[in-house]
Amino acid sequence: MIRAFGSGTGELAGVVLRPRTLGLLIRTAGLAVAVTAAAIVIAVPLAWFTTRSDLPWRRFWGVATALPLVIPSYVGGFAFVAALGPRGMLQAALSPLGVERLPEIYGFPGAWLVLTLFTYPYVLLTTRASILGLDSSLEEAALTLGKTRWEIFWRVLVPQLRPAVAAGGLLVALYTLHDFGAVSLLRFDSFTRAIYVSYRGSFDRTAAAILSLILITLSLLIVAAESRSRRRADYHRIHSGGGRRTLVIPLGAWRWAVFAGCTFLVLISLGIPVAVIGYWLVRGTTGANAIEPTLTAAFNTLRAAAAGTLLCLLAAWPVAALSVRHPSRMSRFIETSSFVGYALPGLVVALSLVFLTARWVPFLYQGLALLALAYGVLFLPQAVGAMRASLLQVSPQLEEAARTLGAGRAGTFFKVVLPLVRPGVLAGSALVFLTAMKELPATLLLSPPGFATLATRVWGATNDAFFARAAAPALVLIALSSVPLTFLVLKERSQEESGLARDGR
């Protein structure tokens, strides 16, 4: 704000009112809406199929369909350009058949496809956690009243999932607004790309600051719209135990059609990036001297991501608890404010933190703590959204009953609240950890001297067109990111199976 308003209202109005700014606004908002809608359409049915249906290999699809989240957008963008772009791998394979040119992948179609494929797991994970925490007795009651499976899905299940779907959709929309890697590689002119060009191409960064304020305003409008759309309704269970046994719905004739759809989704969201990385890994020559830097970068990545995740969890719980248990204008303001950092490009957050620490907090400058702080600013909403959705399902009467039985605040939290919100805490932790490992601009600017991560090694190699050199760290990054995500999905499945065991099945 100081930078944007420092040059006077004349330049401010000139940047805001010029036609290019209006075009950026329309294109960026349109991309966010399109990606969010597509992610919800893919993720909500997929979450139900992998938790409530008799889908073959249901546990495998629960893991595989969430794995695209581990692929950074810049890696995914590069993979699709290399595979489907002009003179790409598919073009080379089809050229003997007389195919000289494929449909254009650059621009809006490519950006929409890539961002949808690598962000829909945000909605999938929060929705799955919410489904596993639902009380299936409501669905059983609807069955006894003669409702069809389709009516139960829309009138009983979907209303209860609204907080989780809204939280995941909000993360997708904000991620799309601040993404830089995919839109740049696919040549889609959005706010983040314009801000980056303005920072790098001009000594006067006032225009970049003004564009950043417009981006913040757009993100706040989206957060406000999501907050207004919430209905004042109870989403918690009506009894204190774990949910009743999970209903398994037979898909009938649609069983193998859904199986084919899951196969196609995994092939395009995982198969293409892994195939491109494998191609460059085999084509390049990775000597033994490249193994040690990759292992060092992997260790640094884990350290930084773990520090950022811990900070996010400690900061997110008070925000979620205030929003759910003490609703007021102040709590809504605090919750809304927590989403501001996620809408900012990592570049803007990093530059502001450099300015802050270099002038007033020099002992934090170029330290790991500053990088963790940047992750906390950028990814706090991921933890807040998941925790809030789970806490909404915990009846306040359970906490009141525990207090009347002599449990203190700490005992009530650890023995009653925490076990019930564990799916949301795990989902939020996984989202923050995975996203922190993939974060590029903030890591580039705030990492301590000599502190290379997998993301910075991948970007450095691809930026210099050494794709073979980028293959090994990219593959390690995907493998490391897959571990916590797989653990999260398996924990969800064990929770479901333990619920079945308690029910006597």
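Note that my numbering has the sequence shown beginning at -19, numbered continuously upward.
Even glycine gets a Cβ: it sits at the ideal position worked out from N, Cα and C.
What does the Cβ neighbour count give for residue i, buried or exposed, with the cut at 16 atoms within 10 Å?
{"i": "P36", "result": "exposed"}
{"i": "E131", "result": "exposed"}
{"i": "S192", "result": "buried"}
{"i": "T45", "result": "buried"}
{"i": "G65", "result": "buried"}
{"i": "D159", "result": "buried"}
{"i": "A174", "result": "buried"}
{"i": "F446", "result": "exposed"}
{"i": "A162", "result": "buried"}
{"i": "G56", "result": "buried"}
{"i": "K418", "result": "buried"}
{"i": "F431", "result": "buried"}
{"i": "S220", "result": "Reliability fails at S220, whose pLDDT of 43 lies under 50, so the model's placement of it is uncertain and the value that follows must be treated cautiously. S220 comes out exposed."}
{"i": "L74", "result": "exposed"}
{"i": "W439", "result": "buried"}
Reducing DSSP to helix, strand and coil, say where residue i ends up.
{"i": "I229", "result": "strand"}
{"i": "S308", "result": "coil"}
{"i": "S33", "result": "strand"}
{"i": "I314", "result": "helix"}
{"i": "A387", "result": "coil"}
{"i": "L362", "result": "Note on identity: in this sequence residue 362 is Gln, with Leu being the wrong assignment. DSSP places Q362 in helix when its eight states are reduced to three."}
{"i": "V488", "result": "With the chain represented from -19 up to 485, any question about residue 488 goes unanswered, as that position is not in the structure."}
{"i": "R263", "result": "helix"}
{"i": "A46", "result": "coil"}
{"i": "T274", "result": "helix"}
{"i": "A432", "result": "coil"}
{"i": "G488", "result": "Outside the displayed range of the chain (-19 to 485) lies residue 488, so it cannot be described from this structure."}
Rounded to a whole number of angstroms, what is the C-alpha to C-alpha distance between residue i and residue j?
{"i": "V13", "j": "A435", "result": "28 Å"}
{"i": "L198", "j": "E119", "result": "38 Å"}
{"i": "F(-15)", "j": "I271", "result": "49 Å"}
{"i": "L137", "j": "T31", "result": "13 Å"}
{"i": "V486", "j": "C292", "result": "In this structure the chain extends from -19 to 485, so residue 486 is not present and cannot be described."}
{"i": "A17", "j": "G388", "result": "44 Å"}
{"i": "A382", "j": "S110", "result": "24 Å"}
{"i": "F319", "j": "R0", "result": "27 Å"}
{"i": "A277", "j": "S461", "result": "14 Å"}
{"i": "D483", "j": "T423", "result": "Its pLDDT being 47, under 50, D483 is placed unreliably in this model, and the value from its coordinates should be taken loosely. Cα-Cα distance, rounded: 48 Å."}
{"i": "M(-19)", "j": "S33", "result": "51 Å"}
{"i": "L426", "j": "L165", "result": "23 Å"}
{"i": "P376", "j": "V397", "result": "10 Å"}
{"i": "L151", "j": "Q362", "result": "7 Å"}
{"i": "E380", "j": "T392", "result": "9 Å"}
{"i": "L123", "j": "G42", "result": "26 Å"}
{"i": "R129", "j": "Q373", "result": "23 Å"}
{"i": "A205", "j": "A153", "result": "12 Å"}
Assuming the contact rule is C-beta atoms closer than 8 Å, residue i and residue j should be a hit. Round their C-beta distance to whole Å, please.
{"i": "L250", "j": "P48", "result": "6 Å"}
{"i": "Y355", "j": "G288", "result": "3 Å"}
{"i": "V103", "j": "G148", "result": "3 Å"}
{"i": "R7", "j": "S170", "result": "6 Å"}
{"i": "L520", "j": "L82", "result": "A query on residue 520 cannot be resolved here, the shown segment of the chain reaching from -19 to 485 and no further."}
{"i": "V284", "j": "L351", "result": "It is worth fixing the name first, because residue 284 is Ala in this sequence and not Val. Indeed, because the Cβ distance is near 5 Å, the residues count as touching under 8 Å."}
{"i": "G404", "j": "A366", "result": "5 Å"}
{"i": "R301", "j": "L371", "result": "What sits at residue 301 in the sequence shown is Ala, not Arg. The Cβ separation is near 7 Å, so the contact holds."}
{"i": "V(-4)", "j": "I194", "result": "7 Å"}
{"i": "Y100", "j": "A19", "result": "4 Å"}
{"i": "V50", "j": "L465", "result": "6 Å"}
{"i": "R494", "j": "A27", "result": "Nothing in the structure corresponds to residue 494, since the chain is present only between -19 and 485."}
Which residues mark the beginning and the end of the alpha helix (DSSP H) in which residue i is found?
{"i": "E(-9)", "result": "-11 to -3"}
{"i": "W236", "result": "235 to 246"}
{"i": "V328", "result": "326 to 339"}
{"i": "E119", "result": "117 to 124"}
{"i": "V498", "result": "Residue 498 lies beyond the range of the chain shown here (-19 to 485); nothing can be said about it."}
Please decide whether residue i counts as near chain D, where near means a Cβ-Cβ distance under 9 Å.
{"i": "F239", "result": "As a matter of chain content, chain D is missing from the structure shown, which is built from one protein chain."}
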